[in-house]
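Our numbering puts the first residue of the sequence shown at 2, with every later residue one more than the last.
Here the structure comes first, spelled out in structure tokens, and everything after it is commentary.
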Amino acid sequence: MSIRPYRLLYPLRTYLVTSGVYPGEYNVMTADWITVVSARPFYVAVSISPERYTYKLVKKYGELVVAVPGWELLEEVWEAGSLSGPAKLKKLKLTFERGVAVKSPVVKEAIANLECEVVDSKLYGDHELYISELVSPYYNPMAFNAEKIKPETKVILHVAGGRFMTNDSVIREL
């Protein structure tokens, strides 16, 4: 097969995942492979390669934050996914703060942050799937209204191969 099969599932929402302890030993990475597993209780699955520094921190501390970036953070999302290790933190124009319920940092500029504790994990092929329970959510009321994202809020959709688009075209709302 000439195409990597996971590319057939794109476009996907793109997120930032933080882990570790803020301030101190922490990191941020870009991730597309994130999905909701359960609504009650709220569980999210995050797939991370053992080669990533973030993986080591999630393993060590058992928690993570899924930060939802708006379109205005596209360059930072690209840098967070292109550079490796904690040295990149100095280059990123992101503000990190300690989470409310976890020690991992939240991204202040994100339109939402989901603070999570890992409840289970299993290695599948070249990635480990972390099942994490939401312990504290935060969202920017300027971006969300009555549990819906506002139409003017642009989120990042990764098309693949370094191409991105946004959700700013509403075709039909039911």
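Positions of the beta carbon are idealized from the N, C-alpha and C atoms, including for glycine.
Report the rounded CA-to-CA distance for Ala-144 versus Val-108, giving the unit in angstroms. Locating residue 144 in the sequence shown gives position 143, counting from the first residue. Locating residue 108 in the sequence shown gives position 107, counting from the first residue. Between the alpha carbons of Ala-144 and Val-108 lies a distance of about 15 Å.
Kindly indicate which residue of Thr-15, Val-59, Tyr-54 and Thr-55 has the alpha-carbon position closest to the one of Thr-36. As a position in the sequence shown, residue 36 is number 35, starting the count at 1. Closest option to Thr-36, Cα to Cα, is Thr-15.
Find out if the Cβ-Cβ distance for the pair Val-18, Val-67 is shorter than 7 Å. As a position in the sequence shown, residue 18 is number 17, starting the count at 1. As a position in the sequence shown, residue 67 is number 66, starting the count at 1. Cβ atoms of Val-18 and Val-67: closer than 7 Å.
Quick check: the Cα distance between Glu-118 and Val-69, rounded to an integer number of angstroms? In the sequence shown, the residue the question calls residue 118 occupies position 117. In the sequence shown, the residue the question calls residue 69 occupies position 68. Distance between the alpha carbons of Glu-118 and Val-69 is about 17 Å.
According to DSSP, is Val-78 helix, strand or coil? Residue 78 sits at position 77 when you count from the first residue of the sequence shown. Val-78 falls in the helix class under three-state DSSP.
Which residue's Cα is closest to the Cα of Thr-55: Leu-90, Val-45 and Glu-76? Here residue 55 corresponds to residue number 54 of the sequence shown, with the count starting at 1. Measuring from the Cα of Thr-55, the nearest candidate turns out to be Leu-90.
Measuring alpha carbon to alpha carbon, tell me which residue in Asn-168, Gly-162 and Asn-141 is nearest Ile-4. Locating residue 4 in the sequence shown gives position 3, where the first residue counts as 1. Cα-wise, what sits closest to Ile-4 is Gly-162.
Are three or more beta carbon pairs between the segment 38 to 46 and the segment 132 to 141 nearer than 8 Å? In the pairwise beta carbon analysis, the segment 38 to 46 is classified as touching the segment 132 to 141: at least three pairs are separated by under 8 Å.
Using a Cβ-Cβ cutoff of less than 6 Å, which residues in the same chain neighbour Gly-82 once the five nearest sequence positions on both sides are dropped? For this step, residue 82 is matched to residue 81 along the sequence shown. Closer than 6 Å at the Cβ level, and outside the excluded window around Gly-82, lie Thr-31.
Is the separation between the beta-carbon of Val-22 and that of Glu-64 shorter than 7 Å? As a first step, residue 22 must be located in the sequence shown, where it is residue number 21. As a first step, residue 64 must be located in the sequence shown, where it is residue number 63. No, they are not a contact pair.
The alpha helix (DSSP H) spanning Leu-58 covers which residue range? Counting from one through the sequence shown, the residue named residue 58 turns up at place 57. Run containing Leu-58: 54 to 62, per the alpha helix (DSSP H) assignment.
Whole-angstrom distance between Lys-151 and Val-120, CA atom to CA atom: Indexing the sequence shown from 1 puts residue 120 at position 119. Indexing the sequence shown from 1 puts residue 151 at position 150. In a straight line, the C-alpha of Val-120 is about 31 Å away from that of Lys-151.
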